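At position 68 of the sequence shown the residue is numbered 614 (this note's numbering), and the sequence of numbers has no breaks.
C-beta atoms are modelled at their ideal positions from N, C-alpha and C, and glycine is treated no differently.
Since this is a predicted model, take the numbers as computed values, not measurements.
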Amino acid sequence: MKVRLVYTPSAIQEPLIAEIILATRAKININRADIGAVSGEMIIDIPEDKYNQVVRMFRDKGLKVSLLHRPIVRDDNRCVMCGICTSICPIGAFKIEKDWSVTFEPEKCIQCGVCVSACPTSALELSEGEI
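In C-alpha cells form, the structure reads like this:
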C-alpha cells in the first residue's frame with residue numbers, strides 16, 4: 547500500500563525507517579524521498595499485512611501518514627489524451643490503449659511529478675493522499 551510520510555523537524559535525525567523495519571519485519575520499499583535538514587517527505591510501499599502496524603509506529607514517532615489511493619489525479623475534462631505522460635513517466639505508470647485512450651496504473655506511480663510538469667493542458671496533479 548502506497549503511503550506518504552511527512553517528517554517533523556524532530557524526526558529528521560532519527561533512523562525511523564530502519565527502526566520500524568526491524569521492529570515489524572515489514573519489507574518497506576522507498577519509492578521517493580526528499581529529506582532536508584528540517585523537513586522531509588517520503589513515498590513508501592508497505593505490505594498490506596503489515597500496514598496497520600507500520601502506520602501506527604510512524605504516527606507514534608510523530609510523522610504525518612496518509613494513504614495514497616490515487617497518487618495522481620487526472621481531470622478528464624482537461625485531458626486531451628495526447629500521451630505525453632506515457633513517454634515521460636520514468637516507471638511506465640501511463641499506457642496508451644488500443645483505442646488510443648491513456649490509462650493510469652496508480653500502483654506503479656512514485657509521485658515524482660514529471661507527468662504533472664509535462665502535461666500541456668495541466669490535467670494532472672499530485673494527490674495529497676487520504677485516510
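| query | result |
| --- | --- |
| Runs of beta strand (DSSP E) wholly within the segment 607-642 (minimum 3 residues, chain order) | 610-613, 618-620 and 640-642 |
| Alpha carbon of tyrosine 597 to alpha carbon of proline 666, nearest angstrom | 36 Å |
| Same chain, Cβ closer than 7 Å to phenylalanine 650, neighbours up to 5 away in sequence not counted | Ile618, Arg620, Ala639 and Phe640 |
| Valine 552 versus lysine 610: straight-line alpha-carbon distance, rounded | 5 Å |
| Boundaries (first-last residue) of the beta strand (DSSP E) holding isoleucine 581 | 575-581 |
| Cβ contact check for the segment 626-634 and the segment 584-603: 3 or more pairs under 8 Å | no |
| Same chain, Cβ closer than 6 Å to isoleucine 677, neighbours up to 5 away in sequence not counted | Low confidence applies here, because isoleucine 677 scores a pLDDT of 39, under 50, leaving its location unreliable; read the following figure in that light. Ser612 and Leu613, listed in sequence order. |
| Isoleucine 637 to cysteine 655 span [Cα, whole Å] | 7 Å |
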